[in-house]
Structure formats: C-alpha cells, structure tokens
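What follows is a short report on a single structure.
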Amino acid sequence: MRRRDWLLTSAVLPAAAPVAARAAQAGPKNIVISSANGTKACAKAMDVLKAGGDTLEAVVQGVTLVEDDPNDTSVGYGGLPNEEGIVELDASVMHGPTRRAGSVASVRNIKNVARLAKLVMEQTDHVMIVGEGATRFARAWGIPEINLLTERSRMAWMAWKQSLRDGEGNNNWTDGLDAPTPTAKQAAALRQIWPEASDEMIAWAFEVAHFPTTGTINCLALNAKGEMSGTTTTSGMAWKIPGRVGDSPIIGAGVYVDQEVGAAGSTGRGEENIRVAGAHSIVENMRHGMDPKDACLDVLKRIARNYNNDAAKLAKFDINFYALRKDGVHAGASLWSGRVLRGYMSGFQYSVNDGTGDSRLEKCVWLLERKA
Ligand code: GLY
Numbered sequence: 110m111r112r113r114d115w116l117l118t119s120a121v122l123p124a125a126a127p128v129a130a131r132a133a134q135a136g137p138k139n140i141v142i143s144s145a146n147g148t149k150a151c152a153k154a155m156d157v158l159k160a161g162g163d164t165l166e167a168v169v170q171g172v173t174l175v176e177d178d179p180n181d182t183s184v185g186y187g188g189l190p191n192e193e194g195i196v197e198l199d200a201s202v203m204h205g206p207t208r209r210a211g212s213v214a215s216v217r218n219i220k221n222v223a224r225l226a227k228l229v230m231e232q233t234d235h236v237m238i239v240g241e242g243a244t245r246f247a248r249a250w251g252i253p254e255i256n257l258l259t260e261r262s263r264m265a266w267m268a269w270k271q272s273l274r275d276g277e278g279n280n281n282w283t284d285g286l287d288a289p290t291p292t293a294k295q296a297a298a299l300r301q302i303w304p305e306a307s308d309e310m311i312a313w314a315f316e317v318a319h320f321p322t323t324g325t326i327n328c329l330a331l332n333a334k335g336e337m338s339g340t341t342t343t344s345g346m347a348w349k350i351p352g353r354v355g356d357s358p359i360i361g362a363g364v365y366v367d368q369e370v371g372a373a374g375s376t377g378r379g380e381e382n383i384r385v386a387g388a389h390s391i392v393e394n395m396r397h398g399m400d401p402k403d404a405c406l407d408v409l410k411r412i413a414r415n416y417n418n419d420a421a422k423l424a425k426f427d428i429n430f431y432a433l434r435k436d437g438v439h440a441g442a443s444l445w446s447g448r449v450l451r452g453y454m455s456g457f458q459y460s461v462n463d464g465t466g467d468s469r470l471e472k473c474v475w476l477l478e479r480k481a
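Our numbering numbers the first residue of the sequence shown as 110 and each following residue consecutively.
Right, here's the structure in full:
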C-alpha cells in the first residue's frame, strides 16, 4: 500500500474550551466504556454504579465476567498461553478518587488478575508485583489457584507448535501475514486428539496460531459524582516468550486515569503502546484541549511515526485506544480501519453503556484505511 492510498481521519484540533468548563456544562453522568469484548462487562459495571458502588469496584466486577469466560481467549481463564503452553496474565487498575494504582504481571494460576491488581493497590505499599511473587501474594490472601489453560486454548497452542514443526508457522518475532491455511494433514493430526472439534474450531486454532492475538479488555467508568476509574486485563500476546509483559499492566500505557481530565486505555499490540505511553499521552492530550477522538488519533500517529509511516510494517499489527473524558464524551480509535478475519473485513468497535439500556457497540475512528 502506498502512502497516498491511506486515508487519514481528521485530526483537527478541537475548540479550546477548557475541559473543566465543558464538564461543568454537561455535568457528569454514569457511563462505562470498554473494548468490544466488554458489552457484558459494561452492563455489569453500570449495575454497580447505579447501586452507588465505587467506579473501580464497578470496572473490576465488569472485567471479572470476561476473565471468567473460557471463550474469550485473550483474557483470564482460557487465555492463549505462552510458547511453553502456560497461561500468564497481566492486569492493572487505577482509581481516580484516591489517585492510586495497582498492577500485576506474568501471573500464573490466578484467574482474576484485575481483582489481584486492586488488592496490590489497596493492601500493599507497592504498585506492581510480578511473576511468582504475584502468585504468592495471591496465595497469601487465600485466592484459589487453578490451571488456566482450557482444551480450546491448548488446541490452538498445539496448532501453533505443529505449524512451527512443519516450517510454516511464525514465532513471536514475525507477523504471520503469509499464514497458510491448515493442511489436511495438520487438521487430521489435531482431530486425533480432539475428535469432536468442529471445522470452525480447527480453523480458529490455526488462525490464532498464525496471527497471535493481543486481545485484552480495557474498561473505564465515570459516575454521576464525577469520579472515574479504569482497568485493563489480558493474557497478553499468544505464544509469547515466558515472562514477556505487555502494556496492560503498565500504568500510563494499558490504563491511565486522572479524573480531573479523563481516562484512557488500550488493547492490541502492547509493544507499540509502551513506546508511546499511550493511555497517559491520551489523557495529557485531553488535558490540553483535544477531544477524546483526536487525543487517541494523535497517539496513533505517534505509533505510525515510530515506523516512519511505513505502511507495510504498520500493517503487521493492530492497536486500539479508548478514551472517556470527565464530561462523559468518549471515543474508540484504531490504527487500521479493519482487520480481515476468516476472509471478511471487519471494522473495530468499542462497547458503551450509558445507563439507558443494554450496552451498545460504537464504531472506532481509525487512522489508516486497510483495503481488502
Ligand atoms: N495489549 C495486550 C498485550 O500486548 O499484552
């Protein structure tokens, strides 16, 4: 794709009215946003807000539903494992009213790591605990340990190992753009172990084998008192080198909250986000007057600039940002307009619950147009 083929969305600077003044006009209200996989999380968080609960408790209860769900293979139980077949989880929380934060990284055998990050925030003098220390910290608090690897995720891991063996797969350092479809021989090998697996499940296993996911859920909340909090929780990049930590547990990258201004978070390839301190940069952009959409697009431009706007390199990954301003205005923004999944181009969305009904999905604005 040549540079002139790109369509950049508007990044015009917004009107210069101070954030505080705009917030005073609109007035705070209960609102929760999250990545697209968080419709149920947003609804749960909204229930907590409506019952008068704390904003951080709300988002943690929301994402706990996703951490518990074995079918979301990018978060919590059933997350895709590292290259040794072991699930390692990362999470962070930030509490606007007290300006405190907590995070955990490379945690094994503990399912609800957003809750664990909150425990680090509330019960220690630290902000971040990682690896074996985090599991021991959880154990000390009586949190049960479980095997986080489901059969579904083990199948995808085996598909990945199989494709490496056959010289067709990609390791953590490559992009998977030339991913082949599974050969009949490879599919048959998986069927020997999982005879009940559907064609769709086998195809999914090979897809994630070749396009390692960096799914994740980020969830941000504002209540009617103007209080804000956020959390991000993930199983990180599939097939990662053990101990690899992404952006999700990094305060200022995976999540950032300053309730005088707003909150932001991210999903997608964490390595890119860490290099631009994405969530913090977005909040600072809003502090200086950008609206949430432009604040996110500006940071996506910084990511593109890190690759000298080389479309071929940028095409190798996806990254999304979410921003919620203290007056309730929100945005989701993606680097690319969409992603081809199983032959179809699908656009990026984010979830919103404003307390008036079910959560809804809204379209992300995007920086670069991906042509099918
Ligand atoms: N954004 C999730 C990760 O890269 O680990």
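Note that CB positions come from ideal geometry on N, CA and C, so glycine has one too.
As the structure is a prediction and not an experimental result, all values here were calculated from the model.
- A straight-line Cα-Cα distance of about 24 Å links Thr259 and Asp356.
- A residue is called buried when at least 16 other Cβ atoms come within 10 angstroms of its Cβ; Lys422 does not meet this threshold and is exposed.
- Judged by DSSP in its simplified three-state form, His204 adopts strand.
- The beta-bridge partner set that DSSP reports for Ala442 consists of Phe430 and Val474.
- Just so you know, the alpha carbons of Val141 and Leu165 end up roughly 11 Å apart.
- Distances taken from the Cβ of Glu192 to the heavy atoms of ligand 1 include none shorter than 8 Å.
- Between Ala312 and the set Arg448, Ser338, Ala293 and Val474, the nearest pair of CA atoms involves Ala293.
- Under the three-state reduction of DSSP, Ser272 is assigned to helix.
- Every residue whose Cβ sits closer than 7 Å to any heavy atom of ligand 1 is listed here in chain order: Asp199, Thr323, Thr325, Thr343, Gly345, Met346, Gly355, Asp356, Ser357, Gly363, Ser375, Thr376, Gly377, Arg378, Gly379, Glu380 and Asn382.
- Setting aside the 5 residues that flank it on each side, Ala404 is surrounded in the same chain by Ile391, Asn394, Met395 and Ala432, each with a C-beta closer than 7 Å to its C-beta; the list follows chain order.
- Judged by DSSP secondary structure, Met230 falls within the alpha helix (DSSP H) whose first and last residues are Val222 to Gln232.
- Under the three-state reduction of DSSP output, Met395 falls in the helix class.
- Ala160 sits in coil when the DSSP states are folded into three classes, being neither helix nor strand.
- DSSP places Met346 outside both helix and strand once states are collapsed to three, so it counts as coil.
- Judged by their CB atoms, Cys473 and Ala442 are nearer to each other than the 9 Å cut-off.
- The three-state secondary structure of Thr244, taken from DSSP, is helix.
- The DSSP-derived three-state label of Gln170 is helix.
- At the C-beta level, Glu192 and Ile350 come within 9 Å of one another.
- For Asp308, the three-state secondary structure derived from DSSP is helix.
- By the Cβ-count criterion, Ala200 is buried, with 16 or more other Cβ atoms from all chains shown falling within 10 Å of its own Cβ.
- Look at the beta carbons and you see the segment 227 to 235 not touching the segment 173 to 188: under three pairs across the two are nearer than 8 Å.
- Judged by beta-carbon spacing, Lys220 lies beyond the 9 Å limit of Val169, meaning their Cβ atoms are not closer than that value.
- Of the candidates Lys435, Phe426, Ala268 and Ser460, the residue whose Cα lies closest to the Cα of Val449 is Phe426.
- In this structure Asn417 does not touch Ser375 by the C-beta definition: roughly 22 Å separates them, more than the 8 Å allowed.
- Cys328 is bridged by DSSP to Ser143 and Thr340.
- For the options Ile360, Lys480, Ile412 and Pro190, the alpha carbon positioned closest to that of Met454 is the one of Lys480.
- Shown here, Asn462 sits in a strand according to DSSP, grouped into three states.
- The beta carbon of His204 sits closer than 6 Å to those of Leu165 and Ser338, all from its chain and outside the five residues before and after it, given in chain order.
- DSSP, read as helix, strand or coil, puts Ala318 in helix.
- Distances from the alpha-carbon of Ser468 to those of Asn327, Lys138 and Ala150 put Ala150 closest.
- Excluding five sequence positions before and after Ala314, the CB atoms of its chain that fall closer than 6 Å to its own CB belong to Met264, Ala265 and Ala268, given in chain order.
- When secondary structure is reduced to three states using DSSP, Gly251 falls in the coil class, being assigned neither helix nor strand.
- DSSP places Ala372 inside the beta strand (DSSP E), whose first and last residues are Gly371 to Gly377.
- Sorting Gln458, Val317 and Val364 by C-alpha distance to the C-alpha of Ala145 places Gln458 at the top.
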